[in-house]
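There are 2 protein chains.
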Amino acid sequence: MKTVVLVGGVGGAKLALGLAHVLPPDDLTIVVNTADDTWMYGLRVCPDLDTIMYTLSGLVDPQNGWGIAGDTTKLLEAMRRYGEDVWFKLGDQDFATHILRTRWLNAGHRLTSITERLAKRLSIPQCILPMVDLPVATIVDTVEHGEIDFQTYFVRYRWQPTVKSLRLDGIEKASISPELQQAVESADCLLVAPSNPWLSVAPILSIPGLRDLMLSRPIPRVAISPIVGGQAIKGPAAKLMTELGLEVSARSVVAYYGDIINGFVYDQVDHEIEVPLVHSTRLNTVMLTDNDKVQLATNVLEWMKSWAKTPS
Amino acid sequence: MKTVVLVGGVGGAKLALGLAHVLPPDDLTIVVNTADDTWMYGLRVCPDLDTIMYTLSGLVDPQNGWGIAGDTTKLLEAMRRYGEDVWFKLGDQDFATHILRTRWLNAGHRLTSITERLAKRLSIPQCILPMVDLPVATIVDTVEHGEIDFQTYFVRYRWQPTVKSLRLDGIEKASISPELQQAVESADCLLVAPSNPWLSVAPILSIPGLRDLMLSRPIPRVAISPIVGGQAIKGPAAKLMTELGLEVSARSVVAYYGDIINGFVYDQVDHEIEVPLVHSTRLNTVMLTDNDKVQLATNVLEWMKSWAKTPS
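Have a look at this one:
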């Protein structure tokens, strides 16, 4: 079952790892949010791409769910000695990724080919695609600081500022890459990981033309709820929903995705949700162990197969 | 006594450190070879500038005489994991220097201002000047490999290839920076450190106009011999001299510098050298301890003072 999954960072990486255990490598394409990407010290840092890459290669720090296990921060300490304002944690091994990526970007390569190259060199057999080749940046309009870039909001201010609205800088110039086009066109199902819908998935869905391309596919298009029992598993999703005036529930997620999805997975702790016009199911969606990840991937794939030939 | 000293890497750094102990900070300008500079992973690495900077800031690895004491190589290990051909040692802390420098170069700053900025941030009060702002590269023509860049010759092949000749790529576009012009014009003496004359000092002296500018100054212009007792203290100087058909002796160094110098310091182990038309003296030039460095700096400065008003 050729699967395309849209993901953000840590939450998405868990599902991606589960899927990678279950599917033949050629059947899995992971489309990654790049609107969190940033420049640090002149280097291009792609936090979500790296989280996916480090997770699938087994390098990831199991505690944080991002970064490389056992990584040190000597380079950053030297930056601090140079008087640099060091607030974004980058490990010494991690820097190698950013340095190689930046060198290749400066040499004119596309982020898609660079990502493929890095993943290959880490022996990752699945296909990891950045959502776009050109830079797109989530800009967060906050009550306290006005407009700030995503990492300033997320890391520097630990997502404490109150969000008024979000916009995507550069999205009008973004376009579907040939690789993404091909992946969606040949997919047997499209999954939306339990990543933050507004911060991680919205940028992907905002690529001009992608919504229509997804809608044109008569296949299961399933989102897994990141809201479980009225709370976010991790990160600012619940806080953000409140600030955006939304009910913190899986229902709001279904409403947000609208007709993009025709199937929805919510957690077993949640009450039955009325999901108009879409298939839905209750599963354990909380992925604490590797077994949870594999189990969720297996269950979702099997459930989709059960109705794949009769999508609503 | 306003002193301008021309230096390469490790040997030059020793003398620079001695001079820094003896002279008021404002009276010392260190002009550094940049023809060894190279691009590594898209980052600009300036080995001699860094050696001087790390030495004067006290960060330097006392064993090697270059790099930062206690530095680790986790980033390089990650590069190796990515399949990169890792042959040029760069420490994790060291990388911070190259990343900042590259960022500022890419932002359009001159190497001279970047070097000043880095040195200031390490609280170095002396003036460190790169010999030029634009890239100049020593190209080594070898019997075994044909033309190779300096670091390939020096580090990758550990200066084992047989040198046929040397040339400086980009030297015709190089020009004296305003800061270098000003330093030489206001100097009370010009020193040439016991660095490799052909590999470290020649590039500096090859900057169009610098020879004439130096010759125009009626002040002590003194070189310290890097050849002691027919041997190089460190590095390929003696081997290179043989390959270039020169006698391995302080005499060859005097001959090479010609009228650029009007004073010469050679080591006490050497026999009296006939130095036509220039002042000369025998001193302990081997700098093993910090005290040796301070002593040599003191002795050279005092000796120059003794004849400064009657240069030949």
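Chains A and B, in that order, give the protein sequences. Per my numbering, the first sequence starts with residue 884, numbered consecutively. Per my numbering, the second sequence starts with residue 884, numbered consecutively. Where is the CB? At the ideal position from N, CA and C, for every residue including glycine. This one's a predicted model, so the numbers in the text were calculated from it and none came from an experiment.
Any C-beta of chain B under 8 Å from that of residue i
i: aspartate 975 (chain A); result: yes
i: threonine 955 (chain A); result: yes
i: proline 1194 (chain A); result: Any reading at proline 1194 (chain A) is ruled out, since the residue's pLDDT is 48, under 50, leaving its predicted position unreliable.
Continuous alpha helix (DSSP H) stretch holding residue i: start and end
i: serine 1089 (chain B); result: Segment: none, serine 1089 (chain B) is in no alpha helix (DSSP H) and carries neither H nor E.
i: histidine 904 (chain B); result: 893 to 905
i: proline 930 (chain B); result: 930 to 940
i: histidine 1208 (chain A); result: The structure shown has nothing for residue 1208 (chain A), since chain A only spans 884 to 1195.
i: proline 1013 (chain B); result: First-last for proline 1013 (chain B): 1010 to 1013, but that is the beta strand (DSSP E), not the alpha helix (DSSP H).
i: arginine 1100 (chain A); result: That residue, arginine 1100 (chain A), is in no alpha helix (DSSP H); it is neither H nor E in DSSP.
i: leucine 959 (chain B); result: 957 to 964
i: valine 914 (chain A); result: That residue, valine 914 (chain A), is in no alpha helix (DSSP H); its beta strand (DSSP E) goes 911 to 915.
i: leucine 1063 (chain B); result: 1061 to 1069
Neighbour-count burial assignment, residue i, 16 or more Cβ in a 10 Å radius
i: leucine 898 (chain A); result: buried
i: glutamine 1034 (chain B); result: buried
i: arginine 1041 (chain A); result: exposed
i: serine 1006 (chain B); result: exposed
i: valine 893 (chain A); result: buried
i: glycine 953 (chain B); result: exposed
i: leucine 1099 (chain A); result: Reading off the sequence, residue 1099 (chain A) comes out as serine, not leucine. Exposed: under 16 other Cβ atoms inside 10 Å.
i: valine 1026 (chain B); result: exposed
i: histidine 1154 (chain B); result: exposed
i: glycine 1029 (chain A); result: exposed
i: leucine 1171 (chain B); result: exposed
i: asparagine 916 (chain A); result: buried
i: proline 1061 (chain B); result: exposed
i: threonine 938 (chain B); result: buried
i: arginine 963 (chain B); result: exposed
Proximity below 8 Å, CB of residue i to CB of residue j
i: aspartate 944 (chain B); j: lysine 957 (chain B); result: no
i: asparagine 1174 (chain B); j: glutamine 1151 (chain B); result: no
i: glycine 1053 (chain A); j: proline 1018 (chain A); result: yes
i: valine 1177 (chain A); j: leucine 1074 (chain A); result: no
i: alanine 903 (chain A); j: leucine 911 (chain A); result: yes
i: proline 1103 (chain A); j: tryptophan 1190 (chain A); result: yes
i: proline 1013 (chain B); j: leucine 994 (chain B); result: yes
i: alanine 1133 (chain A); j: isoleucine 1110 (chain A); result: yes
i: valine 1038 (chain B); j: isoleucine 1031 (chain B); result: no
i: valine 1137 (chain A); j: valine 1158 (chain A); result: yes
i: alanine 1180 (chain A); j: isoleucine 1144 (chain A); result: no
i: alanine 961 (chain A); j: alanine 961 (chain B); result: no
i: valine 890 (chain A); j: isoleucine 935 (chain A); result: yes
i: threonine 1021 (chain A); j: leucine 1082 (chain A); result: yes
i: serine 1108 (chain A); j: proline 1077 (chain A); result: yes
i: alanine 1066 (chain A); j: valine 887 (chain A); result: yes
i: cysteine 1010 (chain B); j: methionine 1187 (chain B); result: no
Residue i: contacting residues in chain B (beta-carbon distance under 7 Å)
i: glycine 925 (chain A); result: Ile982, Thr985, Arg986, Asn989
i: alanine 961 (chain A); result: Gln976, Ala979
Closer than 8 Å to chain A by CB, residue i
i: arginine 1134 (chain B); result: no
i: valine 888 (chain B); result: no
Chain A contact residues for residue i, given Cβ-Cβ distances below 7 Å
i: phenylalanine 978 (chain B); result: Leu958, Phe978
i: glycine 966 (chain B); result: Arg1004
Range of the contiguous beta strand (DSSP E) that encloses residue i
i: glycine 1029 (chain A); result: 1029 to 1032
i: lysine 1047 (chain B); result: 1046 to 1052
i: methionine 923 (chain B); result: 921 to 923
i: threonine 1181 (chain A); result: Note, threonine 1181 (chain A): premise wrong, no beta strand (DSSP E); alpha helix (DSSP H) at 1173 to 1190.
i: alanine 1106 (chain A); result: 1104 to 1107
i: arginine 993 (chain A); result: Where arginine 993 (chain A) is concerned, there is no enclosing beta strand (DSSP E), given that its DSSP letter is neither H nor E.
i: leucine 856 (chain B); result: In this structure chain B extends from 884 to 1195, so residue 856 (chain B) is not present and cannot be described.
i: aspartate 1149 (chain A); result: The identity of residue 1149 (chain A) in the sequence shown is tyrosine, whereas the question assumes aspartate. Its beta strand (DSSP E) spans residues 1146 to 1150.
i: serine 1163 (chain B); result: 1162 to 1166
i: alanine 1020 (chain A); result: 1020 to 1025
i: valine 1136 (chain A); result: Valine 1136 (chain A) -> not in any beta strand (DSSP E); alpha helix (DSSP H) instead, spanning 1133 to 1140.
i: threonine 886 (chain A); result: 886 to 890
i: valine 1075 (chain A); result: 1072 to 1075
Closer than 7 Å: residue i CB and nearest the ligand PLP heavy atom
i: valine 888 (chain B); result: Although the ligand PLP was asked about, the structure shown includes no ligands whatsoever.
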